[in-house]
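Enquirer:
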Amino acid sequence: MSFTYFLKRAAFAALALAALMTSAFFLVRLTGDPVNLYLPVDASDAAREAMRVRLGLDRSLLAQFFDWAWDMLSLDFGISLWHNRPAMDVVLEALPNTLALGAIALVLAFIAAIGMGSIAAVNSGGWIDRGVNVLSQAAASVPDFWLGLMGVLLFAVTFRILPTSGFGGPIYWVLPVACLFARPFGTLVQIVRGSMIEALNATFVRTARAKGARDGRVTFVHALRNALLPAVTVTGDLAAQFAGGGGVVEVVFGFPGIGKLLIDGILKRDFAIVQASIFAVAVVIFFINILVDMLYASIDPRVRVE
Amino acid sequence: MTEPLLKVQNLSRHFGSGATPVRAVDDVSFEIARGETLGLVGESGCGKTSLVRTLLKLGPATSGSAVLDGVEITKARGSELHELRRNMQVVFQDPYQSLNPRMRVDRLISEPWALHPGLVPKARWREETVKLLESVGLRAEHADRYPSEFSGGQRQRLGIARALTLNPTLLVCDEPVSALDVSVQAQVVNLLAKLRRERNLAMLFVAHDLAVVRHVSDRVMVMYLGKIIETGPKQSIFSAPAHPYTQALMSAVPTPDPRLRGHRKRIVLQGDLPSPANPPSGCRFRTRCWKATSICTEQEPALTARTAAPGLLTACHHADTEFARRL
Amino acid sequence: MTDRSTEFLPAREHRSRRILWLARALAGDPMAVAAAIWLLIVVLAILTDAMSLLGDNRISLKARNLPPFDFGQPWTLWLGADALGRPLLVRLVQAASTTIGIALVTVLTSLIGGTLLGVVAGYFGGIIGNVIMRICDIILGFPTLLVALFGLYLFGPSVGNLVIVLAVTRMPAYIRVARAETLEVRERLFVDAARVFGGGSTWILRTHILPSVAPTMLTLASVNLAMVMLFESGLSYLGLGIQPPSVSWGLMVAQGQGYLSSAWWLGFFPGLAIMFTTMSFNLLANWFRIVNDPSQHWRLLSRRR
Amino acid sequence: MKKITAIHALSMGLAMSLAASVAIPARAAPDKLTVVVTDEPKSLDPCDTDLSGNSRILHNNITEALVNLSPKDGSVVPSLATSWRQVDSLTWEFKLREGVTFHDGKAFDATAVVAAVKRAQDPALACEVGQATLKGLKLNAEAVNPATLLIKTDVAEPILPNKMSALDIGSPATPGDAKTRTPAGTGPYKLVAWTPGQSVGLVAYEGYWGDKPAIPNATIIWRAESAVRAAMVDTGEAQIAYEIAPQDGTTGQDHAFPNAETSLLRIDAQIAPLNDKRVREALNLAIDRDGLIGTIFHKDAQKAMQVVPPSVFGFNPDIPVWTYDPEKAKSLLAAAKADGVPVDNEIVIYGRIGIYPNSSESLEAIQAMLADAGFNARLEMLETSPWLKRLLKPWNKDRQPSILQTQIDNAEGDAVFTLPNRFTTDGNQSTITDAGLDKLIADAAKATGDERKKLFQQAFKYIAIDTVNIAPLFHMVTIARVAKDVNYTPDVQAGNEIKLKSISYR
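Right, here's the structure in full:
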């Protein structure tokens, strides 16, 4: 991948980011004034007005926008109203949790799907294949939040072997990871299975077989390579989705990630938090996309990144 | 002499811009009279298709003019263009691609009528469709089928029937049989010849197969790298081609005359077709020509009568000598 | 070139044979059969409820959180009762009409809008096409949840807004596919032919491009139906979608969360319903894709032997 | 059955391997206590303790006020001040406890209190205490000597000591220009760490002036779902969980305590048909309060007839509770209709998601009850911000007739904290304008003793019987689940403070 290519993409990403941040600026402000939320209901009108002035909300939207744009250019994301500290600090505490959660779930899903998918494809039409098919369809269709609740009910409330929620050692990650794991796993098994079956029927594999290569090698070198490409693409898309936080799952488990932060931020009209999270997520997505492209190129030399 | 049906003058079609555009069609002039069939031959990539598409107004002309029945094709717009479409129709090369697979035959055939309301009233579409199908050798019940239910030759008949719906005066046939099996080719060519006679159609018949061209054409035109390099009556071209390229093409055609078999040596051209973006200087054929001399590098030969063969125009510096040697 | 024309020659029987063939193809996929049956049951249930044949749905605080599988009760109570004593089964059916209705309307909206925009972008290109595609890039570049959050906060979480937000966030996918397909179809010879007959842009778009693009778009839509359903459930679960007293499966799970340890069935059954229905849509979409792909027909037909 | 065992075995195996690194203690170590609440504190600044989420962590754990209110009768009892007296109508004198130090080593004295009072009223800081409890009152504190403090007020304030119970005293080192996230107080616990999004950790303060707490380490965590909070006590993840929903609060470990909140529906009495008193009465008669108790509301909740609970000074015990009489409601509506009142107009019920457990279920039930009585009511559940827009003035002139779900908290123990804002013409949440009531409330606020009590009782009666701009529901209870081995019984103040120092293991 050439450096100029990277620059070109970065430039486009920066433009898109600017557009998004600008729309986010106006959108969050349209969601309503935070003042009522931050003052006791018994506070006087004068106190409300004073807070508006203090937050600069009394000025015209345009004036606020220019101030904000200037701060953005100097990467100043402002102070979180709720947390009462720099918004970016708060975001950067939550982001690694989300990324780790998403990465663990996706990597596990990817590995499991490659394994399951190829087993199903090799046994195409048989009992194993049908079983895998049903399982993966179910996994791809199960609502993650529901899975989370049922997990809590079963493993935490009934058997008491896993914590209900929260954050801490590895054991706290089991249920959230399992919930996020389901859908990517189901989707990827379908894809791996489908493209492997196709590849196994394709001429080049027959050729390879005719040349006397052992069956195992045929399957895993040719067909797998063929199946990896779409699997990587889909995983990349999913990774981009997860970067925005396994929103619902994070809420279910009280997991301190960016998705929960963002939802809370909007609920609490914490403009700075919302904007900083959007920014951070967008940057992460940009790098994920680059990473996927590089992976793509390394799997299939025919794909030239351009 | 009456005014020709189609008069093409200095027509060019270039692709791309900047210093070296691709000159797909470069300064081409020719005429087609009413009822006349002009054969156009050349290798693939020589600009035949671009010429056809320009005439059909599927792409803009870069310069020059083409006048059909007094109407300037290159400048026609709006209703003038719409009228023009009626007079000039096309049979495409690939009958699998040129028929929308999702439309039933009756809709396919009547599509032009739908686009030119007033020509045939809707109530008579069915009747006319059946008539057309029968005239191209298909049956009435075929009207209710989809293109996928037909063989290649049948599809091309459908294509021809559809081209005739508007009763055009000029039919452009862009390699109409090259996608078909040899056994079917003759049937379709014969059909075209028959229709031409019946309807007094003028045709521009494009092909790379000389045998087919010979069968239907009155006159023949040879194209190389966007230029016409030789043109003349069928007899002259086939019996006494003056341009080395034409000769090379002819040598590949099996002769119907058994006496001549074995006497003619097959000329195999060396090298590939040069890039039309950067054609050779002087004569464009010189890079593959066994007769090329220095003059060919320096001067571009004009399309002029160079031999005694009647009506034959050749763009070759060495055409006269060739003729002389033959004698 | 495979020419299956002989299979269908007599024109009159074409259509009825096609239906027969579809039935055969469906029978070749037992999972698709199961999916079709499930969806049929759901649709029938919705219809029965629409004709108010399901009986009493009144709040009855005495029957609050009645446990399921008590077969001594009237059959509507076999799945238990909800926190306000309403039969859970009836609630599930009412929620089904919201959930599935929203999914259908959303998919239809984004299908129509996305196809039109994509076809326009692909056929005409130029500035309009570019603008459309760049907007798509931006929407696609950011998490759907975020776009949805904004939309719903801005306009309030009503059913109409939910549909709009979901449709807008799904639309870029349709636009991209429609555009790519159009770019391909646009170059086909039959489009040139239509132009030579004097067909203008509108004519070509309407009679040639749209019908050619449609099957792909329909396949995409059938896959999306499942996706939208899951997404709506998620939003409703977060309190951003359907609001009480309306009811959707996602909202039922959310409300059931408060009864996780006291009345598990309140959240369990609606989640199960989401899963079954989503799965059915997925399976049928899969089947539909194979049916529409001649190179894969054998998968459905050969199984019968 | 077999299947379940298999799943169990499988999950056990899975858990064993995972639990190798971190296991959940089935029983907490005796020196540690974990409390789970609903929300993360918004702030840990001593001047923000008006918010229950903040005050639970701070009040009487990290920071203390000059006085406390007795959970038994609401009377003022000593804390950091040992005694107090009213010098004249505008001046109060407090004697301060000596030998007290803040967690940061600073000495507690009159100047520290002066700084805290000043800070709480600084408009730039917008402190909760300054804007709610002390609203409309100017305090001027002076240090006479380290152990004596004078507080002057701009208007007569007969209940100043009550109000001082809300003002926590932070270290003089607390920044004057910004809220702090690391408060230092005089309380039995000091802050170890606030890990945003996760927990607040406390440890016993060696230099505390009073009795040492039994449990040295306390952690406060938060979970939004009541079912999860309840389960956490069972699993041993927490020892005390607050705000358990009624459906979960049924075991012997669950303690219900009145939390000083009164739930009600505020009727917008300015818009037809609700501007007709008969319609508002019909609305009250249509609600089956008995049916709601023990199902959607906890069985210990009390049917309310006024907006403050009985523990509040000024509560009127003689107001009759609304009976459930849908027939009478119907006839009242019919009578109103006969007089041309547009009783068929759609009335919106605005609810707030999660205002109390089962808030949306309660409104769904009430909507059905209203419909049975012939009301045309539509329910709309709102998230806090839009709900506040409906709660607070200014309102749109041509708004729909509406009923708003709300609850009123009065932990301070005096009716003056409830009435003025909600029922006077100038009040920012008031739907009535009644000059007589305005005067009554104003007079009551200035009066003392029995006179004060009598006037407030009159005001409550007038609101309940003459204006009827509310449909009072219940005096609410909070349910706390306490682990079996923990010795703790929540009292009436548990909604606003977790008295960690009184908790011990059995």
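Chains as they are written, first to last, in our numbering: chain A, 4 to 309; chain B, 9 to 335; chain C, 899 to 1203; chain D, 969 to 1474. By construction, the Cβ of each residue, glycine as well, lies at the ideal position given by its N, Cα and C atoms.
#1: In three-state terms, what does DSSP make of Phe-1265(D)?
#2: Are there 16 or more other CB atoms within 10 angstroms of the CB of Leu-1372(D), so buried, or fewer, so exposed?
#3: Using a Cβ cut-off of 8 Å (strictly closer), state whether Val-16(B) contacts chain C.
#4: Under three-state DSSP, which class holds Ile-1107(C)?
#5: Please tell me whether Leu-1001(D) and Ala-1209(D) are closer than 8 Å, where the distance is taken between their beta carbons.
#6: Using beta-carbon positions only, say whether Ala-1033(D) and Ile-1137(D) come within less than 8 Å of one another.
#7: From which residue to which residue does the alpha helix (DSSP H) around Tyr-1072(C) run?
#8: Answer yes if the stretch 242 to 260 of chain A comes into contact with the stretch 53 to 70 of chain A, meaning at least three C-beta pairs across the two stretches below 8 Å, and no otherwise.
#9: From Lys-1365(D), Ala-1092(D) and Thr-1069(D), pick the residue whose C-alpha is nearest to that of Tyr-923(D); which is it?
#10: Can the beta-carbon of Ala-116(A) be found closer than 8 Å to that of Ala-234(A)?
#11: Which class does Glu-1032(D) belong to by DSSP, given the choice of helix, strand or coil?
#12: Put Lys-925(D) into one of helix, strand or coil per three-state DSSP.
#13: Can you give me the start and stop residues for the beta strand (DSSP E) that Trp-1162(D) sits inside?
#14: Indicate whether the contact test is met: 3 or more Cβ pairs, each with one atom in the stretch 1359 to 1369 of chain D and one in the stretch 1305 to 1316 of chain D, closer than 8 Å.
#15: By DSSP, does Tyr-1135(C) sit in helix, in strand, or in coil?
#16: With 8 Å as the threshold, decide whether the Cβ of Glu-1032(D) is near any Cβ in chain C.
#17: Are Gly-1137(C) and Ile-1323(D) close, meaning C-beta to C-beta below 8 Å?
#18: CA-CA distance, Arg-204(B) and Val-224(B)?
#19: With distance defined between alpha-carbon atoms, name the residue in Ala-993(C), Arg-1104(C) and Gly-970(C) nearest to Val-1018(C).
#20: Which of the three DSSP states, helix, strand or coil, is assigned to Gly-47(B)?
#21: Between Arg-1420(D), Lys-1131(D), Leu-1093(D) and Glu-1295(D), which lies nearest to Ala-1146(D) when the distance is taken from Cα to Cα?
#22: Does the stretch 143 to 154 of chain A touch the stretch 92 to 110 of chain A, meaning 3 or more C-beta pairs lie closer than 8 Å?
#23: With 7 Å as the limit, tell me which residues of the stretch 1065 to 1096 of chain C have their beta carbon closer than that to any beta carbon of chain B; keep them in chain order.
#24: Taking the C-alpha atoms as reference points, what is the distance between Asp-1222(D) and Asp-1007(D)?
#25: Relative to the C-alpha of Gln-164(B), which candidate in Gln-193(B), His-251(B) and Arg-85(B) has its C-alpha closest?
#26: Taking Ile-1172(C) as the query, report the chain A residues whose CB atoms sit under 9 Å from its CB, ordered along the chain.
#27: Where does Trp-330(A) fall in DSSP's three states?
#28: So, under 8 Å CB-CB, Val-1436(D) and Asn-1252(D) are touching, yes? Tell me the CB distance rounded to an integer number of Å.
#29: Determine the direct distance from the alpha carbon of Met-1115(C) to that of Asp-114(B), and round the result to whole angstroms.
#30: What separation, rounded to the nearest whole angstrom, lies between the Cα atoms of Gly-1155(D) and Asp-999(D)?
#31: Report the rounded CA-to-CA distance for Lys-1407(D) versus Glu-1096(D), giving the unit in angstroms.
#32: For Thr-315(B) and Glu-1079(C), I'd like the C-alpha separation in whole angstroms.
#33: I'd like the span of the alpha helix (DSSP H) that includes Pro-233(A), first residue to last.
#34: Do you know whose CA, among Val-1045(C), Gly-978(C), Ile-1000(C) and Thr-974(C), lies nearest Leu-30(A)'s CA?
#35: Which residues does DSSP pair with Ile-1235(D) in a beta bridge?
#36: For Ala-1297(D), collect the residues of the same chain with a Cβ closer than 6 Å to its Cβ; drop the 5 residues on either side in sequence, then sort them by chain order.
Expert: Per the coordinate set shown:
#1: For the purposes of this step, residue 1265(D) is taken as the residue at position 297 of the fourth sequence. The three-state secondary structure of Phe-1265(D), taken from DSSP, is strand.
#2: Walking along the fourth sequence from the start, residue 1372(D) turns up at place 404. Note on Leu-1372(D): 16 or more other CB atoms within 10 angstroms of its CB, so buried under the neighbour-count rule.
#3: Working through the second sequence from its first residue, we reach residue 16(B) at position 8. Val-16(B) does not count as touching chain C.
#4: Within the third sequence, residue 1107(C) is the residue found at index 209, counting from 1. It is helical.
#5: On the fourth sequence, residue 1001(D) is found 33 positions in, with the first residue counted as 1. On the fourth sequence, residue 1209(D) is found 241 positions in, with the first residue counted as 1. No, Cβ-Cβ distance for Leu-1001(D) and Ala-1209(D) is not below 8 Å.
#6: By 1-based counting over the fourth sequence, the position of residue 1033(D) is 65. By 1-based counting over the fourth sequence, the position of residue 1137(D) is 169. With contacts defined as CB atoms closer than 8 Å, Ala-1033(D) and Ile-1137(D) qualify as a contacting pair.
#7: On the third sequence, residue 1072(C) is found 174 positions in, with the first residue counted as 1. Unbroken alpha helix (DSSP H) run through Tyr-1072(C): 1057 to 1084.
#8: No, because fewer than three Cβ pairs between the stretch 53 to 70 of chain A and the stretch 242 to 260 of chain A fall closer than 8 Å, the two stretches do not touch.
#9: Because chain D in this structure spans residues 969 to 1474, residue 923(D) falls outside the shown range and cannot be described.
#10: Working through the first sequence from its first residue, we reach residue 116(A) at position 113. Working through the first sequence from its first residue, we reach residue 234(A) at position 231. A distance below 8 Å separates the beta carbons of Ala-116(A) and Ala-234(A).
#11: Start at 1 with the first residue of the fourth sequence, and residue 1032(D) comes out as number 64. The three-state secondary structure of Glu-1032(D), taken from DSSP, is strand.
#12: The structure shown does not extend to residue 925(D), since chain D is modelled only from 969 to 1474, so the question has no answer here.
#13: For the purposes of this step, residue 1162(D) is taken as the residue at position 194 of the fourth sequence. Counting along the chain, the unbroken beta strand (DSSP E) around Trp-1162(D) starts and ends at 1157 to 1163.
#14: Touching, per the Cβ criterion.
#15: Locating residue 1135(C) in the third sequence gives position 237, where the first residue counts as 1. DSSP places Tyr-1135(C) in helix when its eight states are reduced to three.
#16: Stepping through the fourth sequence from its first residue, residue 1032(D) is reached at position 64. So, not an interface residue.
#17: Position 239 of the third sequence, counted from the start, is the residue given in the question as residue 1137(C). Position 355 of the fourth sequence, counted from the start, is the residue given in the question as residue 1323(D). Inclusion of Gly-1137(C) and Ile-1323(D) in the CB contact set at 8 Å is not warranted, their separation being larger than that value.
#18: Stepping through the second sequence from its first residue, residue 204(B) is reached at position 196. Stepping through the second sequence from its first residue, residue 224(B) is reached at position 216. Each residue's Cα considered, the two are about 9 Å apart.
#19: Translated into positions along the third sequence, residue 1018(C) becomes position 120. Checked all of Ala-993(C), Arg-1104(C) and Gly-970(C); the closest Cα to Val-1018(C) is Arg-1104(C).
#20: In the second sequence, residue 47(B) corresponds to position 39, counting from 1. Residue state, collapsed to three classes: strand.
#21: Counting from one through the fourth sequence, the residue named residue 1146(D) turns up at place 178. Nearest C-alpha to Ala-1146(D): Leu-1093(D).
#22: Touching, no.
#23: From the stretch 1065 to 1096 of chain C, only Arg-1086, Leu-1087, Phe-1088, Asp-1090, Ala-1091, Ala-1092, Arg-1093, Val-1094, Phe-1095 and Gly-1096 have a Cβ closer than 7 Å to chain B.
#24: Residue 1222(D) sits at position 254 when you count from the first residue of the fourth sequence. Residue 1007(D) sits at position 39 when you count from the first residue of the fourth sequence. It is roughly 20 Å from the alpha-carbon of Asp-1222(D) to the alpha-carbon of Asp-1007(D).
#25: Here residue 164(B) refers to the residue found at position 156 when the second sequence is read from its first residue. Residue Gln-193(B) is the option with its Cα nearest to Gln-164(B).
#26: For the purposes of this step, residue 1172(C) is taken as residue 274 along the third sequence, with counting starting at 1. Neighbourhood of Ile-1172(C) in chain A, by CB distance below 9 Å: Ser-144, Val-145, Pro-146 and Trp-149, in chain order.
#27: It is not possible to answer for residue 330(A), since the shown part of chain A is limited to 4 through 309.
#28: Indexing the fourth sequence from 1 puts residue 1436(D) at position 468. Indexing the fourth sequence from 1 puts residue 1252(D) at position 284. Yes, they are in contact, since the Cβ atoms of Val-1436(D) and Asn-1252(D) sit about 7 Å apart, within 8 Å.
#29: Looking up residue 114(B) in the second sequence gives position 106. Looking up residue 1115(C) in the third sequence gives position 217. Cα to Cα, the separation comes out at about 26 Å.
#30: As a first step, residue 1155(D) must be located in the fourth sequence, where it is residue number 187. As a first step, residue 999(D) must be located in the fourth sequence, where it is residue number 31. Cα to Cα, the separation comes out at about 18 Å.
#31: In the fourth sequence, counting from the first residue as 1, residue 1407(D) sits at position 439. In the fourth sequence, counting from the first residue as 1, residue 1096(D) sits at position 128. Rounded to whole angstroms, the gap between the alpha carbons of Lys-1407(D) and Glu-1096(D) is 28 Å.
#32: Walking along the second sequence from the start, residue 315(B) turns up at place 307. Walking along the third sequence from the start, residue 1079(C) turns up at place 181. Across the structure, Thr-315(B) and Glu-1079(C) are spaced so that their CA atoms are roughly 54 Å apart.
#33: On the first sequence, position 230 is the one that residue 233(A) refers to. Note, Pro-233(A): alpha helix (DSSP H), 227 to 246.
#34: As a working note, residue 30(A) is residue 27 in the first sequence. It is Val-1045(C).
#35: Indexing the fourth sequence from 1 puts residue 1235(D) at position 267. Secondary-structure assignment with DSSP links Ile-1235(D) through a beta bridge to Ile-1371(D).
#36: Taking the fourth sequence and counting its residues from 1, one reaches residue 1297(D) at position 329. Within the same chain, Ala-1297(D) has close Cβ partners Ala-1250, Leu-1253, Ala-1254 and Ala-1341.
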